[in-house]
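Residue numbers (this note's numbering), protein chains in the order written: chain A, 1 to 365; chain B, 366 to 492. Beta carbons are placed, not taken as given, at the ideal position from N, Cα and C, and that holds for glycine.
Below, the structure written as structure tokens:
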């Protein structure tokens with residue numbers, strides 16, 4: 001029975017947890033230990049997803065970065081970090097389109113780094129699966145955005161669902177590969193979530209992460225991508241309830257602070273670690289944090305700068321985010337917990353966050 | 366940078382009070398989760414028992430796992446396998462007569478190597 005004293009206790013526990021997390025976050029910012037590094041290895045892609053934040057295409061004129069350029073930029077990290085404390089996330093575009101992907105991964109592993117890929121699964125087959133594992137791939141994220149009609153719609157390809165499910169079956173059969181499936185929840189696939197959950201459980205998926213679609217890249221002006229306020233709150237309730245069932249680890253992504261749903265839809269508090277623990281080397285050598293962050297936040301370039309110097313001495317805009325206290329954030333009582341939200345929701349104008357999930361949830365209450 | 370003592374202490378304090386190590390285990394929004402960090406390098410050389418020459422194209426696979434590779438033209442192989450105390454490795458000639466014909470061989474590898482690297486040289490008998 002929930003009594004008043006119980007609910008007070010829960011509230012106090014929640015506040016205390018958030019307080020400790022905020023202290024933890026401040027400490028982590030001071031340390032800014034690099035532990036996660038994106039490599040945007042290609043802008044080529046075998047799909048043309050409607051929501052692509054990078055606007056990747058099959059015939060991208062932007063050349064793939066030579067692997068040696070990336071490797072030489074990051075090897076100096078070994079002087080100050082244990083390489084096995086750093087995970088390299090190979091992303092794109094579609095990493096599987098790089099013919100040297102296996103060799104790149106093996107070389108990273110030989111140098112002590114852990115690595116994995118983010119893939120749409122379209123070109124994923126048994127052979128590449130075995131070769132990637134044998135090259136030391138330790139983790140993988142696969143995109144699955146609904147059942148056939150809706151997945152194919154979002155991915156703009158009539159075979160993408162079939163191929164993604166084939167990839168899924170390979171991935172879930174691996175005993176020692178850490179992986180998750182990500183779904184970008186939009187107005188079209190929203191009603192499928194319950195059935196999709198059952199489908200993933202039937203395929204022995206262990207971890208499922210749900211996103212909303214940020215209004216960036218190709219999704220910027222597409223209203224079909226966005227959930228309304230009610231759907232946003234229902235999504236939070238769906239995840240909260242599903243986590244209680246304990247069949248699969250289901251989480252909301254780290255894309256946004258979600259107020260009262262913090263710790264209910266994720267294992268930990270919201271913490272955008274872009275520039276704090278996360279960096280990236282982009283296709284043209286630019287040094288930034290997550291690849292979907294606006295390019296105006298680029299901190300340097302591996303072809304002109306020393307990556308380690310940039311990591312240690314730049315990134316102030318991401319380590320001190322007081323500049324985000326503007327627009328709807330200026331007077332928000334949750335600002336100290338949210339700290340301006342996720343970096344990828346800020347554009348070059350820096351005149352306000354593009355969207356606030358917490359605000360959308362609150363407006364529906 | 367890496368944490369100094371005070372920062373490490375604050376980190377430890379926060380995670381102890383909150384009774385969670387989840388804070389350390391994260392992955393970026395649009396990235397994949399970190400791996401379990403438990404794959405090790407298994408490498409070596411395959412030669413002919415008769416001539417001592419290296420054999421190219423031998424498939425080196427691990428029982429119960431998908432992992433495999435083929436020997437290079439100098440007979441060497443190199444692949445990452447999940448960390449296990451013991452695993453069974455199979456050497457098989459799958460390219461017909463192209464590089465000669467050899468009998469398959471399998472062997473149990475006991476891993477008590479703390480360097481996360483296992484070296485094994487194998488010789489195969491001709492068919």
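Keeping to the same chain, check which residues put their C-beta closer than 6 Å to that of residue i; ignore five residues upstream and five downstream.
i              : result
residue 303(A) : 285
residue 209(A) : 180, 182, 251 and 253
residue 441(B) : 410
residue 2(A)   : Low confidence applies here, because residue 2(A) scores a pLDDT of 49, under 50, leaving its location unreliable and the question unanswered by this model.
residue 321(A) : 339 and 340
residue 25(A)  : 271
residue 21(A)  : 269
residue 348(A) : 294 and 296
residue 62(A)  : 43 and 283
residue 472(B) : 454
residue 298(A) : 286 and 288
residue 231(A) : 190
residue 207(A) : 180 and 249
Can the beta-carbon of residue i be found less than 8 Å from the beta-carbon of residue j?
i              : j              : result
residue 425(B) : residue 436(B) : yes
residue 433(B) : residue 126(A) : no
residue 181(A) : residue 144(A) : yes
residue 36(A)  : residue 361(A) : no
residue 140(A) : residue 171(A) : yes
residue 124(A) : residue 73(A)  : no
residue 45(A)  : residue 154(A) : no
residue 467(B) : residue 458(B) : yes
residue 446(B) : residue 470(B) : no
residue 396(B) : residue 38(A)  : yes
residue 52(A)  : residue 98(A)  : no
residue 137(A) : residue 105(A) : yes
residue 257(A) : residue 240(A) : no
residue 34(A)  : residue 86(A)  : yes
residue 443(B) : residue 406(B) : yes
residue 150(A) : residue 195(A) : no
residue 421(B) : residue 27(A)  : no
residue 428(B) : residue 484(B) : no
residue 401(B) : residue 109(A) : no
So is residue i buried or exposed if we call it buried at 16+ other beta carbons inside 10 Å?
i              : result
residue 15(A)  : exposed
residue 482(B) : exposed
residue 214(A) : buried
residue 161(A) : buried
residue 462(B) : exposed
residue 367(A) : No statement about residue 367(A) is possible, as the shown extent of chain A runs from 1 to 365 and does not include it.
residue 173(A) : exposed
residue 233(A) : buried
residue 359(A) : buried
residue 121(A) : buried
residue 80(A)  : exposed
Excluding the 5 residues preceding and the 5 following residue i in the sequence, name in chain order all residues of the same chain whose CB lies nearer than 7 Å to its CB.
i              : result
residue 293(A) : 274, 343 and 344
residue 319(A) : 29, 32, 275 and 276
residue 418(B) : 412
residue 368(B) : 376
Does DSSP put residue i in a helix, in a strand, or in coil?
i              : result
residue 217(A) : helix
residue 20(A)  : helix
residue 487(B) : strand
residue 38(A)  : strand
residue 144(A) : coil
residue 103(A) : helix
residue 171(A) : helix
residue 410(B) : strand
residue 76(A)  : helix
residue 30(A)  : helix
residue 391(B) : coil
residue 133(A) : helix
Mind pulling the chain A residues with CB within less than 9 Å of residue i?
i              : result
residue 403(B) : 138 and 176
Starting from the beta carbon of residue i, find every residue of chain A whose beta carbon is closer than 7 Å, and list them in chain order.
i              : result
residue 444(B) : 134
residue 372(B) : 27, 30 and 31
residue 431(B) : 129, 130, 133 and 174
Note down, in chain order, every chain B residue with its Cβ under 8 Å from the Cβ of residue i.
i              : result
residue 180(A) : 397 and 398
residue 342(A) : 394
Sorted by chain position, which residues of the same chain lie with C-beta nearer than 8 Å to residue i's C-beta, five sequence neighbours on each side aside?
i              : result
residue 111(A) : 71, 75, 78 and 83
residue 119(A) : 94, 95, 96, 140, 141, 142, 143 and 167
residue 363(A) : 229
residue 560(B) : It is not possible to answer for residue 560(B), since the shown part of chain B is limited to 366 through 492.
Check the Cβ of residue i against every Cβ in chain A and list those closer than 8 Å, keeping chain order.
i              : result
residue 383(B) : 17, 20, 21 and 24
residue 375(B) : 23, 24 and 27
residue 367(B) : 31, 33, 80 and 81
Strictly below 7 Å CB to CB, what residues from chain B border residue i?
i              : result
residue 255(A) : 394
residue 89(A)  : 393, 396 and 397
residue 319(A) : Here the premise fails: no neighbours, minimum Cβ distance about 12 Å.
Below 9 Å on C-beta distance, what does residue i contact in chain B?
i              : result
residue 290(A) : 393, 394, 395 and 396
residue 118(A) : 395, 396 and 397
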